[in-house]
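Everything below concerns the one structure shown next.
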Amino acid sequence: MSTLVIAVVLTALVFDFTNGFHDTANAMATSIATGALRPRVAVVLAGVLNLVGAFLSVEVALTISGGLVDEARITPAVIFGGLVGAILWNLVTWLVGLPSSSSHALFGGLIGATWVFAGSGAINVSTVAGKVLLPLALSPVVAGVVALSATWIGYRIATRGDRRTTTRGFQRAQIVSASMIALAHGTNDAQKTMGVITLTLITVGLLPAHSAPPLWVVLAAGLAIAAGTATGGWRIIHTLGRRISDIESPQGFAAETASAAVILSSAHLGFALSTTQVVSGAVLGSAAGRRAGPVRWRVAGRMAAVWLLTLPAAAVVGALAAWVSARGTGGTVLVGAVLVVVSAGIYGLSRRTPVSAATVGAATVGAATVGAATVGAATVGAATVGAATVSELPAQRSPGHAPGNSAAAEHGGDPQVGQPAAAARAA
Amino acid sequence: MAVHWGSLLAVFLVSLGAAVAVVALVATALWGISARAVTADAAAPRLSRRMGAAVAAVSLTAAALVVLFGFWVIIVR
Numbered sequence: 001m002s003t004l005v006i007a008v009v010l011t012a013l014v015f016d017f018t019n020g021f022h023d024t025a026n027a028m029a030t031s032i033a034t035g036a037l038r039p040r041v042a043v044v045l046a047g048v049l050n051l052v053g054a055f056l057s058v059e060v061a062l063t064i065s066g067g068l069v070d071e072a073r074i075t076p077a078v079i080f081g082g083l084v085g086a087i088l089w090n091l092v093t094w095l096v097g098l099p100s101s102s103s104h105a106l107f108g109g110l111i112g113a114t115w116v117f118a119g120s121g122a123i124n125v126s127t128v129a130g131k132v133l134l135p136l137a138l139s140p141v142v143a144g145v146v147a148l149s150a151t152w153i154g155y156r157i158a159t160r161g162d163r164r165t166t167t168r169g170f171q172r173a174q175i176v177s178a179s180m181i182a183l184a185h186g187t188n189d190a191q192k193t194m195g196v197i198t199l200t201l202i203t204v205g206l207l208p209a210h211s212a213p214p215l216w217v218v219l220a221a222g223l224a225i226a227a228g229t230a231t232g233g234w235r236i237i238h239t240l241g242r243r244i245s246d247i248e249s250p251q252g253f254a255a256e257t258a259s260a261a262v263i264l265s266s267a268h269l270g271f272a273l274s275t276t277q278v279v280s281g282a283v284l285g286s287a288a289g290r291r292a293g294p295v296r297w298r299v300a301g302r303m304a305a306v307w308l309l310t311l312p313a314a315a316v317v318g319a320l321a322a323w324v325s326a327r328g329t330g331g332t333v334l335v336g337a338v339l340v341v342v343s344a345g346i347y348g349l350s351r352r353t354p355v356s357a358a359t360v361g362a363a364t365v366g367a368a369t370v371g372a373a374t375v376g377a378a379t380v381g382a383a384t385v386g387a388a389t390v391s392e393l394p395a396q397r398s399p400g401h402a403p404g405n406s407a408a409a410e411h412g413g414d415p416q417v418g419q420p421a422a423a424a425r426a427a
Numbered sequence: 428m429a430v431h432w433g434s435l436l437a438v439f440l441v442s443l444g445a446a447v448a449v450v451a452l453v454a455t456a457l458w459g460i461s462a463r464a465v466t467a468d469a470a471a472p473r474l475s476r477r478m479g480a481a482v483a484a485v486s487l488t489a490a491a492l493v494v495l496f497g498f499w500v501i502i503v504r
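From first to last, the protein sequence lines stand for chains A and B.
Under our numbering, residues 1 to 427 are what the first sequence spells out, in order.
Under our numbering, residues 428 to 504 are what the second sequence spells out, in order.
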């Protein structure tokens, strides 16, 4: 195995790690927001289940390694360029706290790199459109409709029971449904990295065309995404759990159940979905399914804009990186160095504001810091307790009322405002 | 462009059926468990304790079976 192949495999695992912490929110944001799970417990549980999920299926990996691009016309340097584009986009969107699609980033990076190196003819447009783009576009809508229906029926039945019992019951049920998502995330997303590593091994002749990923690839990809998930991407958890809508436990359960059903059934059929988009669509659907539940469409609109940007942005960076790294060893080293420096810079930016309960409680949280450095485990946990304490079913609350929402309205509608107060209440 | 419309439709229908069934069953189970609660702020007539326990047990078992069947389809088949 050449040095370049080893570098590509390692870079793919780095991407897998970023995919994990970028997407922790998919599985655990709503459970943390409703108080079903404590933040640290949630991310560790998600990490373990990601690892288990990686062993459930290889259908998505086969889609990526055997049909997305013509493996005979690309080299490991091209795949390296694509991965660099995907990693950088993941890091940028994590910094600003937006749940963009790691899958879009990966596919965009690979497509851009392949295009610039081997031309558009090396891209299997039919497979890309039929098995990747169309499901990616439809999946948030499907998840939204499913979650809306499930939320509506869940509330219709739950309001017949005792409020305290149903709220607690749904919180406990959320532990199961969130675990299902973590499992589904491991199944769906770890397979993408497996597919990329397998594709690399095929391009250098270490594996025959259309091979399934070897066991060591499955294990390595599972471990990388599990480690990333257990690290916890607190910014995106905050956005998904608190800023789209104030999620109550029946909604969280419905959104998670809908997401798990969509992701697992799609993965079984080989569709490479974006778990981020599925979960975001389900959260929006569940918010709309609760009549008294406010949906912050401005935040949702920003997320949608990032979704549209993800694929082309990653494609441009991937193309540039592939063009440079294809010049030779010097080019590959240069691209690797740029990746390390930019990643370190992004991490440094994220550490400008210390993440601790004291800092979060004292900080002025407003529009300027939306999605930026003030979101950490402490914030999420504090917001969680606030949400859990005042969580009610719609029959017992006035329309439009939501925890933390009044304070947000007083400060220009930004939902982050007022959370220090929630933290103080929690304390 | 080869679009697998049949598979996409299958994903939608299976997801809708599974998610709605599981959420409805869990909600029904919680309604049944509510019969044990002391407070009586429920919007609908309450079940007897015994009937509530039976409804909860049947609903939770059915929800678990739906989930297990899904895993069986994914892993075994």
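Even glycine gets a Cβ: it sits at the ideal position worked out from N, Cα and C.
| Query | Result |
| --- | --- |
| CB contact below 9 Å: Ala190/A versus chain B | no |
| Status (buried if at least 16 other CB within 10 Å, exposed otherwise) for Ala367/A | Note that Ala367/A has pLDDT 33, beneath the 50 cutoff, so the model's placement of it is unreliable and no number is given. |
| Spatially closest choice to Ile79/A from Ile202/A, Asn90/A and Ile263/A, by CA coordinates | Ile202/A |
| 9 Å Cβ cutoff, Ser434/B in contact with chain A | yes |
| DSSP three-state assignment for Val58/A, whether helix, strand or coil | coil |
| is_contact[Leu4/A, chain B] using C-beta, thresh 9 Å | no |
| Three-way DSSP call (helix, strand, coil) for Ile123/A in this model | strand |
| Helix, strand or coil at Val355/A [DSSP, three-state] | A caution first: Val355/A carries a pLDDT of 42, below 50, which makes its placement in the model unreliable, though a value can still be read off. The answer is coil: DSSP assigns Val355/A none of H, G, I, E or B. |
| Neighbourhood of Thr455/B by C-beta, 6 Å cutoff - its chain only, sequence neighbours within 5 removed | Ser486 |
| Alpha-carbon spacing of Thr276/A relative to Ile153/A, whole angstroms | 24 Å |
| When Gly53/A, Gly109/A, Phe253/A and Thr257/A are compared against Ile87/A, the one with the closest alpha-carbon | Gly109/A |
| Span separating the alpha-carbon of Gly35/A from that of Ile225/A | 25 Å |
| Chain B within 9 Å of Val262/A, Cβ atoms only | yes |
| Simplified DSSP assignment, three categories, for Val341/A | helix |
| Terminal residues of the alpha helix (DSSP H) in which Leu320/A lies | Trp297 to Ser325 |
| Val128/A versus Val116/A, Ile111/A, Gly144/A and Gly228/A, residue with shortest Cα-Cα distance | Ile111/A |
| Rounded separation between Phe271/A and Arg156/A - CA only | 33 Å |
| Cβ-based neighbour list, Leu37/A, same chain, cut-off 8 Å, excluding 5 preceding and 5 following | Met28, Ser31, Leu45, Gln174, Ile175 and Ala178 |
| Of the residues Leu452/B, Gly479/B, Ala448/B and Ile502/B, the one placed nearest Arg463/B, counting alpha carbons only | Gly479/B |
| CA-to-CA distance, Ala484/B to Thr11/A, given in whole angstroms | 49 Å |
| Boundaries (first-last residue) of the alpha helix (DSSP H) holding Lys131/A | Looking at the DSSP string, Lys131/A is not in any alpha helix (DSSP H), and its letter there is neither H nor E. |
| Within 7 Å of chain A by C-beta, residues of the region 445-460 of chain B in sequence order | Ala445, Ala446, Val447, Val449, Val450, Ala451, Val453, Ala454, Thr455, Leu457, Trp458 and Ile460 |
| Endpoints, alpha helix (DSSP H) assigned at Ile460/B | Trp432 to Ile460 |
| Proximity of Gly285/A and Val145/A at Cβ, strictly below 9 Å | yes |
| Start and end residues, alpha helix (DSSP H) containing Glu256/A | Ser249 to His268 |
| Contact with chain B by Asp162/A, beta-carbon distance below 9 Å | yes |
| Chain-ordered neighbours of Val142/A on chain B, where CB pairs are closer than 9 Å | Leu435, Val438, Phe439, Ser442 and Leu443 |
| Span of the alpha helix (DSSP H), counted from its first residue to its last, around His210/A | Element bounds for His210/A: n/a, residue is neither H nor E. |
| Exposure label - Ala209/A; buried when at least 16 CB within 10 Å | exposed |
| Min CB distance Val485/B to chain A below 9 Å | no |
| CA nearest to the CA of Leu106/A, picked from Arg298/A, Pro213/A, Ser280/A and Ser274/A | Ser274/A |
| Listed by chain order, chain B residues near Val146/A by CB distance under 7 Å | Ser442, Leu443 and Ala446 |
| Reduced DSSP category for Gly386/A - H, G, I as helix; E, B as strand; rest coil | Because the pLDDT of Gly386/A is 32, which lies under 50, any placement of that residue in the model is unreliable, and the number read from its coordinates should be weighed accordingly. It is helical. |
| Local conformation of Val5/A per DSSP, three classes | helix |
| Through-space distance from Leu339/A to Val447/B, alpha-carbon basis | 44 Å |
| Three-state secondary structure (DSSP) of Val69/A | strand |
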